[in-house]
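For the sequence shown, my numbering begins at 7 and goes up steadily by one.
Glycine residues also receive a C-beta, built at the ideal position from the N, C-alpha and C atoms.
Note sheet for the following structure.
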Amino acid sequence: MEIRYNEITVSPVTTPYGYEEHYLLVDGISVAELTDRFVRENGDNDLKRFRSLNGLCPAWGPGMQNRGEIRFIHQLLWQEEPVNLPILVCEDDLDLSCIVIVAAVRKQGGAVFWDRIGYVDHSEWDPGREMVSGILCLEAYTGDDWARYGDNIALEQMGSRDWRLWISEHWDEELYRRRMNYTLPYCQDERHIRWLKDTGYAFNRTAYENCIRFYEEELRRAGKFPFCP
Numbered sequence: 007m008e009i010r011y012n013e014i015t016v017s018p019v020t021t022p023y024g025y026e027e028h029y030l031l032v033d034g035i036s037v038a039e040l041t042d043r044f045v046r047e048n049g050d051n052d053l054k055r056f057r058s059l060n061g062l063c064p065a066w067g068p069g070m071q072n073r074g075e076i077r078f079i080h081q082l083l084w085q086e087e088p089v090n091l092p093i094l095v096c097e098d099d100l101d102l103s104c105i106v107i108v109a110a111v112r113k114q115g116g117a118v119f120w121d122r123i124g125y126v127d128h129s130e131w132d133p134g135r136e137m138v139s140g141i142l143c144l145e146a147y148t149g150d151d152w153a154r155y156g157d158n159i160a161l162e163q164m165g166s167r168d169w170r171l172w173i174s175e176h177w178d179e180e181l182y183r184r185r186m187n188y189t190l191p192y193c194q195d196e197r198h199i200r201w202l203k204d205t206g207y208a209f210n211r212t213a214y215e216n217c218i219r220f221y222e223e224e225l226r227r228a229g230k231f232p233f234c235p
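Put into structure tokens, the structure is as follows:
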């Protein structure tokens, strides 16, 4: 059966705060505006307390505060496996700690589908488990990791002086590891996502990847791409 594609583009949109952001547009409507509509149309949800969500920050672009999280998101953008992918974040925090809007993304041949849009429920977030999911998460080590860290930082205890020093000097790498090892499985657990709308969007893969490349170029101009450990 032939797929009827939705249009996906990137365009500057003026936020409620008077400045422009480059937003993804689906059929000519920014994802921030779409999200705000879905929140208002939905039943009870935690986001209704906000007057407007039209100022949320694009999660794929240079507005994100932390390089480790930028690297994490762009790793997910190119993966083939289905993923609940961040598309917008709180414009005040500019990270994955507050409001995180996600799309349920799956890829099939020349198409990319956004089946649903929702938000992350952080109520069961465990800061302690997140903290040990960085450089001390030995279960996630590759052979290269063992060669680099196996006889030094990997043997440290959480909270030790050397552990704190390593984190302070390698925060981008530490945060990336925490996001891959803790945030990713947390957000793939359906218990932690509050879905707002079954969207059923389908995009041409080339058009979709062109949007990713646009944001990569924005990151490059901002000195945040490529990502280096």
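Own chain partners of residue i with C-beta closer than 7 Å, once the 5 adjacent residues on each side are dropped
i, result
"S58", "P22 and D42"
"Q85", "none"
Straight-line Cα distance separating residue j from residue i
i, j, result
"A160", "S174", "16 Å"
"I199", "Y125", "6 Å"
"T15", "L30", "6 Å"
"C239", "E97", "Because residue 239 is not part of the residues shown, which for the chain are 7 to 235, the question remains open."
"Q11", "F44", "A quick correction: the sequence has Tyr, not Gln, at residue 11. Between Y11 and F44, the C-alpha separation is close to 21 Å."
"E224", "V32", "20 Å"
"P18", "E39", "13 Å"
"S166", "P133", "17 Å"
"D50", "L202", "10 Å"
"D121", "L91", "11 Å"
"K54", "R46", "7 Å"
"M7", "E87", "22 Å"
"Q163", "S129", "27 Å"
"P235", "I35", "Low confidence applies here, because P235 scores a pLDDT of 45, under 50, leaving its location unreliable and the question unanswered by this model."
Top-ranked residue by Cα proximity to residue i, from the options
i, options, result
"V118", "A208, M7, N12 and T20", "A208"
"R226", "L62, I76, D33 and V32", "I76"
"G67", "G229, Y221 and F231", "Y221"
"A110", "I9, G206 and Y214", "G206"
"F231", "G115, M70 and E215", "M70"
"T52", "Y188, C104 and S36", "A small correction: the amino acid at residue 52 is Asp; Thr does not occupy that position in the sequence shown. Ranking the options by Cα distance to D52, first place goes to C104."
"L190", "G61, G24, T20 and F78", "F78"
"D204", "G116, R197 and I123", "I123"
"T212", "W131, V89, G116 and L83", "G116"
"R197", "F56, L83, W131 and N60", "W131"
"K113", "D127, R135, E136 and V89", "V89"
According to DSSP, residues forming a beta bridge with residue i
i, result
"V138", "DSSP, once it has assigned bridges, lists no residue as partnering V138."
"E204", "It should be noted that the sequence gives Asp, not Glu, for residue 204. Bridge partners of D204: R122."
"I107", "L94 and Y125"
"A117", "Q114 and N210"
"C63", "V95"
Boundaries of the alpha helix (DSSP H) in which residue i is found, first to last residue
i, result
"L225", "R211 to R227"
"T41", "V37 to E47"
"A153", "G149 to Y155"
"A180", "Looking at the sequence provided, one finds Glu at residue 180 rather than Ala. It spans W177 to R184 - the alpha helix (DSSP H) in which E180 sits, taken as one unbroken run."
"R77", "R73 to W84"
"Y23", "Counting along the chain, Y23 falls outside any alpha helix (DSSP H), and DSSP gives it neither H nor E."
"C193", "L190 to Q194"
Contact test: residue i Cβ vs the ligand ZN heavy atom, cutoff 7 Å
i, result
"I35", "Of the ligands one can find in the structure shown there are none, so the ligand ZN has no counterpart to examine."
Span of the beta strand (DSSP E), counted from its first residue to its last, around residue i
i, result
"P18", "I14 to T20"
"H28", "E26 to V32"
Beta-carbon contacts of residue i that lie in its chain and below 6 Å, excluding the five residues immediately before and after
i, result
"I93", "V37, A65, I107 and A109"
"D6", "Residue 6 lies beyond the range of the chain shown here (7 to 235); nothing can be said about it."
8 Å Cβ shell around residue i - same chain, five flanking residues per side excluded
i, result
"C63", "E27, G69, M70, L94, V95, C96, E97 and L100"
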